[in-house]
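Each remark here refers to the structure printed beneath this line.
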Amino acid sequence: MGHVTVEEKAEATIPNTALSPPEGNTTFLDATTWCVAIPWAPQMDLQIALDWACGDGKADCSPIKAGGPCYEPNTVVSHASYAFNAYYQQNGNNDIACNFGGTSTLTKKDPSN
Numbered sequence: 001m002g003h004v005t006v007e008e009k010a011e012a013t014i015p016n017t018a019l020s021p022p023e024g025n026t027t028f029l030d031a032t033t034w035c036v037a038i039p040w041a042p043q044m045d046l047q048i049a050l051d052w053a054c055g056d057g058k059a060d061c062s063p064i065k066a067g068g069p070c071y072e073p074n075t076v077v078s079h080a081s082y083a084f085n086a087y088y089q090q091n092g093n094n095d096i097a098c099n100f101g102g103t104s105t106l107t108k109k110d111p112s113n
């Protein structure tokens, strides 16, 4: 019986994580968030960040390639927004996953509309 008491005490010291937010897109707990390009960011900086997200960042950028369903509008801002968000969604939906050298921001507004 003494062994059971020790287990109960040990169990009681485990922090209750039931109230922790679920995994996924919870930056704003009341809504989904997206990581998008800042429209006034320098085009060159956006292109560098876009190239990184689709290259070393391993974001799925196939929909923004020519002929892809998200190719239009064919602008650096639009393509960067797609790539940034793809990376953000694939990498934990946290602030760090939406850090593209000051060229991105989180938004609650669905950028696909």
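Each residue of the sequence shown is one higher than the one before, counting from 1 in full-length UniProt numbering. Each residue gets a CB set at the ideal place from its N, CA and C atoms; glycine is no exception. Only a predicted model underlies this, so the values are computations on that prediction, with no experimental measurement involved.
Buried or exposed for Q89, please, with buried defined as at least 16 other CB atoms from any protein chain shown within 10 angstroms of its CB.
-> Around the C-beta of Q89, 16 or more other C-beta atoms lie within 10 Å, and the residue is accordingly described as buried.
Straight-line CA distance for S104 to C54?
-> Rounded to whole angstroms, S104 to C54 spans 15 Å at the Cα level.
Q98 - DSSP class collapsed to helix/strand/coil | Note that residue 98 is Cys in the sequence shown, not Gln. DSSP places C98 in helix when its eight states are reduced to three.
How is S78 classed by DSSP in three states: helix, strand or coil?
-> In the structure shown, S78 adopts helical secondary structure according to DSSP, grouped into three states.
Take G101 and list the residues in its own chain whose beta-carbon comes closer than 7 Å to its own, dropping the five residues that flank it on each side.
-> Here G101 has D45 and A49 as same chain residues with Cβ atoms under 7 Å from its own Cβ, once five neighbours each way along the sequence are excluded.
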